[in-house]
């Protein structure tokens with residue numbers, strides 16, 4: 002996924018709508034695999050030494066609201082910010098407007114925690130505004146708001162997950178961009194128009210192929226409500242799943258045969 006992301010972020014002027022979208026999706030999946038994998042290694046090493054670390058990711062790709070996403074992503078950080086900053090500021094107990102402001106403050110702090118860069122500040126504000134807007138909309142009284150809530154409640158979970166996934170992926174651009182000008186160039190390229198060639202097709206196949214196992218794993222975990230559901234599958238199903246995983250790895254090696262070297266953990270810098 003890293004080379005796909007770099008090929009677009011490294012040259013946004015040469016990319017079109019499809020390539021930019023694919024790079025957003027690819028980076029979102031890449032940073033999840035990077036940080037969740039890093040966290041799982043830490044948890045596994047801790048278990049070997051006899052103590053338990055908290056789960057840091059809980060199927061974030063299946064979140065159906067932005068607030069739901071933040072209850073599933075980097076749980077150690079968001080729990081600390083919620084308990085020691087958001088609640089200390091008053092949470093939503095002092096009214097929806099104050100609650101929305103507290104969310105903006107908390108998310109801005111999360112952005113600054115990643116670094117003193119305007120891209121991180123905007124990244125935090127972006128998610129803060131999305132969640133603050135949701136709080137204010139939920140707080141609206143009257144018949145029209147009731148109709149809106151009933152309408153929103155009727156939306157399928159699949160559609161809500163799709164919308165949330167895209168909102169998170171768009172926000173990930175701010176996280177990946179080197180500076181505001183770089184982020185602006187990426188979003189400008191998003192509206193250049195659609196052109197399709199063999200390179201675009203190859204990029205789409207790579208992203209879909211690498212994303213599918215991650216989504217499949219999270220679906221199994223979500224349906225079973227158990228992060229360890231995969232290893233607790235019945236014997237035959239577990240054998241079939243492991244065989245499929247091996248085939249995916251082998252096929253991935255062929256797909257990425259032209260990739261030279263490796264990439265460091267993105268979150269090492271934090």
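In the numbering used here, the protein residues as written are 2 to 271.
Yeah, the Cβ is synthetic: ideal placement off N, Cα and C, and Gly gets one too.
Predicted model, so just to flag it, every value in this text is computed and none were measured.
Using a Cβ distance threshold of 8 Å, residue 132 and residue 67 count as a contacting pair.
With respect to the C-alpha of residue 76, the residue from 69, 158, 57 and 91 having the closest C-alpha is 57. Counted as a single uninterrupted DSSP element, the alpha helix (DSSP H) harbouring residue 44 occupies residues 18-49.
Classified as exposed, residue 158 has fewer than 16 neighbouring CB atoms from the shown chains inside 10 Å of its CB. From the listed residues 64, 172 and 248, the smallest Cα separation to residue 216 is found for 64. By the Cβ rule, the region 163-180 counts as touching the region 122-129, because three or more pairs are nearer than 8 Å. Between residue 13 and residue 190, the beta carbon gap of about 5 Å places them in contact (Cβ cut-off 8 Å).
Look at residue 187 here: in three-state DSSP terms it is helix. Taken through DSSP and simplified to helix, strand or coil, residue 77 comes out as helix. Distance from the CA of residue 33 to the CA of residue 87, rounded to the nearest whole angstrom, comes to 25 Å. The DSSP-derived three-state label of residue 223 is helix.
If you draw a straight line from the Cα of residue 136 to the Cα of residue 192, it is about 30 Å long. Counting every other CB atom within 10 Å of its CB across the protein chains shown gives residue 53 a total below 16, marking it as exposed. Secondary structure note for residue 57: it is in no alpha helix (DSSP H), with a DSSP letter that is neither H nor E. In the same chain as residue 194, and ignoring 5 residues on each side of it, the C-beta atoms closer than 7 Å to its own belong to 17 and 18, in chain order. The beta carbon of residue 112 lies closer than 6 Å to those of 121, 122, 124 and 125 in the same chain, with the five residues before and after it left out.
Residue state for residue 237 is assigned as helix, using DSSP reduced to three classes. Apart from sequence neighbours up to five positions away, the residues of its chain that approach residue 6 with a beta-carbon distance below 8 Å are 24, 27, 28, 31 and 177, ordered along the chain. Secondary structure note for residue 4: its alpha helix (DSSP H) is the uninterrupted segment 3-10. In this model, residue 196 and residue 89 are separated by some 50 Å (Cα to Cα). One alpha carbon belongs to residue 103, the other to residue 116, and they sit about 20 Å apart. Cβ contact annotation for residue 165 (same chain, cutoff 8 Å, sequence separation greater than five): 64, 65, 66, 67, 69 and 70, in chain order. In the structure shown, residue 64 adopts coil according to DSSP, grouped into three states.
Distance from the CA of residue 22 to the CA of residue 163, rounded to the nearest whole angstrom, comes to 14 Å. DSSP places residue 245 within a helical segment (H, G or I) once states are collapsed to three. Contact check for residue 204 against residue 20 passes: the beta carbons are separated by less than 8 Å.
Selection 180, 246, 245 and 128 evaluated against residue 170 yields 128 as nearest (Cα-Cα).
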